[in-house]
Amino acid sequence: MDPLEQFERQICEAVTATFRQMGADTPFEIEVPSTGTADLAVPCFPLAKVLRKAPAAIAEEAASKLPPLDLVSRVWAEKGYLNFRLDDRKVNMATLGAIMEMKDSYGRGNASGLKVLLEHTSVNPTGPIHVGRARNPIIGDTLARCMRAYGYDVTTEYYVNDVGKQVVLLTWGLENIPAEDVEAIEREKADHRLVVYYQKANRMMEEDPEVARQVGLMLRRFEDGDEEVMAKVRKTAKLMLDGIIESLLTINVVIDQFTWESEFIKDGTAHNVVERLKRSEHCGEDQGACYLELKPFGIHGKETRFFFTRADGTTLYTTRDMAYHLDKFRRADRTINILGEDQKLGQAQLAIALKLLGQERSPECVFYSFVSLPEGRMSTRKGTVVYLDDLIEEAEARALEEVRKRRTDLTEERMLEIARAIGRGAVRYNIARVQPEKPLVFKWEDALNFEGNSAPFVQYAHARACSILRKAGQAASSFDPGVLTNEYELKLIRALARYPAVIREAGEKQRIQALPAYGHEVAAAFNQFYTYVPVLKGEENRDARLALVNATRIVLANVLTTLGLSAPEEM
RNA sequence: GCACACGUGGCCUAGCUUGGAUAUGGCAGCAGCCUCCUAAGCUGCAAGUCGAGGGUUCGAAUCCCUCCGUGUGCGCCA
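Residue numbers (this note's numbering): 7 to 577.
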């Protein structure tokens with residue numbers, strides 16, 4: 007239920023009729039002016055050609071010819087725009103009415119019933135998740151929440167890479183490196199305990215050909231389907247994965263299901279893909295290894311061939327990924343992948359190869375740029391990383407420090423609870439607010455920003471609203487929205503009215519960064535209202551203002567939840 | 001070399017899909033605001049060749065071309 011819909015509809019109908027009367031049957035836009043001069047505006051420039059008149063004159067004429075509209079309080083022409091001011095009382099009634107009725111489902115779109123399979127994270131189980139990779143679950147989980155809010159039936163999935171050299175190398179390290187040869191680790195979590203073996207094994211393999219030979223042998227046995235080796239590798243991957251899952255939980259990311267890459271080897275579907283690709287006219291062979299020549303499909307670079315088997319006939323990563331996607335297509339109407347920008351070429355090749363198999367569908371991809379450190383790229387192998395667990399720990403510690411400064415009345419447990427909400431939220435918000443494709447340089451001071459455009463800013467506004475409502479006691483059963491007439495009240499209500507449109511933008515157009523920006527806008531409008539408009543001492547306007555505070559609380563809570571943040575009732 | 005992405009005040013960032021009014025916010029800086037619902041807040045000031053150049057258009061941060069800078073990719077790796 008979008009409170010602004012009826013207003014837009016009425017204006018659209020009236021303007022269409024008026025333009026037609028003036029001799030123009032051209033399409034036009036209804037936009038929210040960036041200047042803030044009006045609630046809605048229709049630019050008259052596109053009509054200039056048809057009517058052979060200046061846009062300003064067209065706007066003037068339309069303004070004078072437009073019939074009075076009951077939902078609009080003022081119509082005027084300005085610089086070629088036809089401007090509309092909506093009727094305050096009716097906006098108030100429609101908005102507060104919708105929020106009170108829908109409560110925590112205010113903003114939700116109509117269920118489309120479409121099944122969406124959203125794959126995100128899927129990091130290699132060779133080490134703890136680091137800040138660079140953390141962009142993936144945050145974008146993925148936030149998008150999943152936005153799409154659910156918009157009305158899709160979303161399932162999130164993690165594709166576990168338990169095949170290949172990296173996990174085999176880790177497994178070899180665990181079996182062959184004595185504990186005293188790796189650096190001591192403080193954390194109990196398995197992923198942190200294991201990653202040092204992975205790093206050490208990498209160094210050993212580079213320096214010692216014998217190690218490289220042993221790892222190669224193990225990989226060989228794995229590729230040959232040696233049950234013992236496969237089970238061992240899977241066990242390592244599982245151990246690491248459990249640590250990763252635990253980390254994800256701290257930022258409120260829960261993944262619905264897991265698919266293991268090795269399954270596509272075991273069940274023969276990857277091999278089946280190979281057999282079908284071999285029949286393609288674009289298939290070639292180079293010393294036993296099979297490839298598709300993708301030059302005719304617009305693939306550029308030094309190598310335009312896309313190999314899908316090794317010389318020994320075993321499958322490659324992308325081949326198994328094809329089998330995985332064919333499986334996904336059977337399970338959902340839409341498939342979305344959240345991927346690092348390094349996967350772009352691979353995904354392009356995958357899409358072409360799927361087409362060559364006669365598959366019409368290809369996955370929709372959201373690519374994000376890597377997060378780097380000021381001193382350069384993050385690498386698990388080299389150990390030049392900031393782990394998510396460390397970032398969260400630091401964020402919570404800083405938040406706790408702030409809570410202690412402000413609140414001396416709370417129990418230790420309650421302070422910890424609030425600090426967790428703030429610290430974890432700040433990390434998610436700071437990543438979600440930036441467009442995925444923008445490069446991001448990780449800086450502690452930005453990641454731990456607790457003021458301005460940040461999670462705590464939005465959470466704080468929510469806590470303030472809760473505080474007023476707590477002190478007010480029982481809410482009045484009825485109120486008159488018409489008494490909310492000062493600039494702060496009107497601005498706040500207009501912000502609340504936009505929420506369904508924001509969910510549509512974030513969920514349908516997959517622009518999740520619109521949601522943090524909106525949360526900031528509502529919180530800022532509320533903070534101004536809070537500063538200048540008394541609520542509890544609001545005299546005859548008290549009931550209506552309490553209703554507005556409650557409506558704001560509901561919208562802020564919805565925004566926070568959809569961003570995967572908690573909405574603390576006190577801070 | 002080729003391909004893809006990004007470039008917006010000192011720093012970070014919105015707007016670009018679908019061209020339209022005075023380019024959105026934040027951080028840092030400066031100056032103010034707590035006898036009153038939590039100052040993680042509010043108000044004001046200062047700060048911009050929207051990477052550069054050209055083109056399309058009545059109109060370009062937005063579309064097209066060229067160039068520059070940065071990142072990513074171009075494995076019988078995953």
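Glycine is no exception: its CB is placed at the ideal position from the N, C-alpha and C atoms.
Next item on the list: Determine the direct distance from the alpha carbon of Thr24 to that of Leu72, and round the result to whole angstroms.
Entry: Between the alpha carbons of Leu72 and Thr24 lies a gap of roughly 6 Å.
Note to self: Could you tell me the alpha carbon to alpha carbon distance between His331 and Arg311, rounded to whole angstroms?
What the structure shows: Each residue's Cα considered, the two are about 21 Å apart.
Item checked: Collapsed DSSP secondary structure at Ala295 in the structure displayed -> Looking at Ala295 - three-state DSSP - the assignment turns out to be strand.
Notebook entry, point to check: For the beta strand (DSSP E) that Ala121 lies in, which residues bound it at each end?
Noted result: It is worth fixing the name first, because residue 121 is Lys in this sequence and not Ala. Looking at the DSSP string, the run of the beta strand (DSSP E) that includes Lys121 is Lys121 to Glu125.
Checklist line | For Ala47, the three-state DSSP class (helix, strand or coil) | finding: In the displayed model, Ala47 falls within a strand according to three-state DSSP.
Notebook entry, point to check: When the Cα atoms are used, what is the spatial distance from Leu180 to Ala196?
Noted result: Distance between the alpha carbons of Leu180 and Ala196 is about 12 Å.
Next item on the list: Closer than 7 Å by C-beta to Ala425: which residues in its own chain qualify, once you throw out the five before and the five after it? Chain order, please.
Entry: Same-chain partners within the cutoff: Glu402, Ala405, Leu406 and Val409.
Note to self: For Val565, tell me which candidate among Trp450, Val464, Asp486 and Asn142 has the shortest Cα-Cα distance.
What the structure shows: Of the residues Trp450, Val464, Asp486 and Asn142, the one whose Cα lies closest to the Cα of Val565 is Val464.
Check: beta strand (DSSP E) containing Gly115: first to last residue?
Finding: In the DSSP annotation of this structure, Gly115 is not part of any beta strand (DSSP E), being labelled neither H nor E.
Check: Going straight from the alpha carbon of Thr242 to that of Lys497, what length do you get?
Finding: Distance between the alpha carbons of Thr242 and Lys497: 56 Å.
Checklist line | Pairwise C-alpha distance: Ile509 and Phe13 | finding: If you take the alpha carbons of Phe13 and Ile509, they lie about 19 Å apart.
Margin query: Only counting the same chain, and skipping five residues up and downstream in sequence, which positions put a Cβ closer than 7 Å to that of Ser6?
Written below: The requested residue 6 does not occur in the structure, where the chain is confined to residues 7 to 577.
Notebook entry, point to check: Where do the ends of the alpha helix (DSSP H) carrying Glu370 lie?
Noted result: Where Glu370 is concerned, there is no enclosing alpha helix (DSSP H), although the beta strand (DSSP E) it sits in stretches over Glu370 to Tyr374.
Notebook entry, point to check: Touch check for the segment 317 to 337 and the segment 360 to 370: three-plus C-beta pairs under 8 Å?
Noted result: Note that the segment 317 to 337 touches the segment 360 to 370; at least 3 beta-carbon pairs, one per stretch, sit closer than 8 Å.
Checklist line | DSSP three-state assignment for Ile271, whether helix, strand or coil | finding: Of the three classes helix, strand and coil, the one that applies to Ile271 here is helix, per DSSP.
Notebook entry, point to check: Hey, out of Ala478, Met577, Asn547 and Ile437, whose CA is closest to Arg420's CA?
Noted result: Of Ala478, Met577, Asn547 and Ile437, the residue nearest in Cα terms is Met577.
Next item on the list: Put Asp197 into one of helix, strand or coil per three-state DSSP.
Entry: Here Asp197 sits in helix by DSSP.
Check: Taking the runs of the beta strand (DSSP E) that are 3 residues or longer, which of them lie wholly in the segment 367 to 453?
Finding: Within the segment 367 to 453, the complete beta strand (DSSP E) runs of at least 3 residues are 370 to 374.
Item checked: Trp178, buried or exposed, once every other Cβ within 10 Å from all chains shown has been counted against 16 -> So Trp178 counts as buried.
Check: How long is the line joining the alpha carbons of Met28 and Gly42, rounded to whole angstroms?
Finding: Distance between Met28 and Gly42, taken at the CA atoms: about 28 Å.
Item checked: Close-in-space but distant-in-sequence residues of the same chain around Phe485 (CB under 6 Å, 5 per side omitted) -> Around Phe485: Asp549, Ala550 and Ala553.
Check: Are the beta-carbon atoms of Leu102 and Ala47 separated by less than 8 Å?
Finding: The answer is no: Cβ separation not under 8 Å.
Notebook entry, point to check: Which term fits Arg141, buried or exposed, when burial requires 16 or more other beta carbons within 10 angstroms of its beta carbon?
Noted result: Classification for Arg141: buried.
Next item on the list: Tell me, please, which residues DSSP counts as bridged to Asn343.
Entry: Answer by DSSP bridge pairing, in chain order: Glu125 and Cys371.
Check: Tell me, which residues are paired with Val160 by DSSP?
Finding: Val160 is bridged to Val122.
Checklist line | Inter-residue spacing [alpha-carbon to alpha-carbon] between Ala117 and Asp214 | finding: Cα-Cα distance, rounded: 58 Å.
Next item on the list: Assign Thr315 to one of two classes, buried (16 or more other C-beta atoms within 10 Å of its C-beta) or exposed (fewer than that).
Entry: The residue in question, Thr315, is buried, as its Cβ has 16 or more Cβ neighbours within 10 Å.
Note to self: Taking the straight line between their C-alpha atoms, what separation do you get for Val78 and Glu418?
What the structure shows: Distance between the alpha carbons of Val78 and Glu418 is about 53 Å.
Item checked: Which listed residue (Asp273, Leu300, Arg154 and Ile518) has its alpha carbon closest to that of Leu360 -> If you compare the alpha carbons of Asp273, Leu300, Arg154 and Ile518 with that of Leu360, the shortest gap goes to Leu300.
Next item on the list: Less than 8 Å between the CB atoms is what I'm expecting for Ala276 and Thr321, so what's the real figure, rounded?
Entry: Contact flag correct, Cβ pair sits at about 5 Å.
Check: Which runs of the alpha helix (DSSP H) fall wholly inside the segment 228 to 279 and span at least 4 residues, in chain order?
Finding: The segment 228 to 279 is shown to contain whole alpha helix (DSSP H) runs of 4 or more residues at 233 to 256 and 269 to 272, in chain order.
Check: Sorted by chain position, which residues of the same chain lie with C-beta nearer than 6 Å to Ile183's C-beta, five sequence neighbours on each side aside?
Finding: Excluding sequence neighbours, Ile183 sits near Tyr203 and Lys206.
Next item on the list: Please state whether DSSP places Arg209 in a helix, a strand or coil.
Entry: Helix, per DSSP.
Notebook entry, point to check: What's the C-alpha gap between Ala503 and Glu107?
Noted result: So the alpha carbons of these two residues sit roughly 14 Å apart.
Margin query: Spatial neighbours of Leu446 within its chain, please: C-beta separation below 8 Å, excluding the five flanking residues on both sides.
Written below: Correct list, in chain order: Arg141, Ser375, Phe376, Val377, Ser378, Ile437 and Val440.
Notebook entry, point to check: Counting pairs of Cβ atoms below 8 Å between the segment 342 to 352 and the segment 285 to 300, do you hit three or more?
Noted result: Because the criterion of three Cβ pairs below 8 Å is not met, the segment 342 to 352 and the segment 285 to 300 do not touch.
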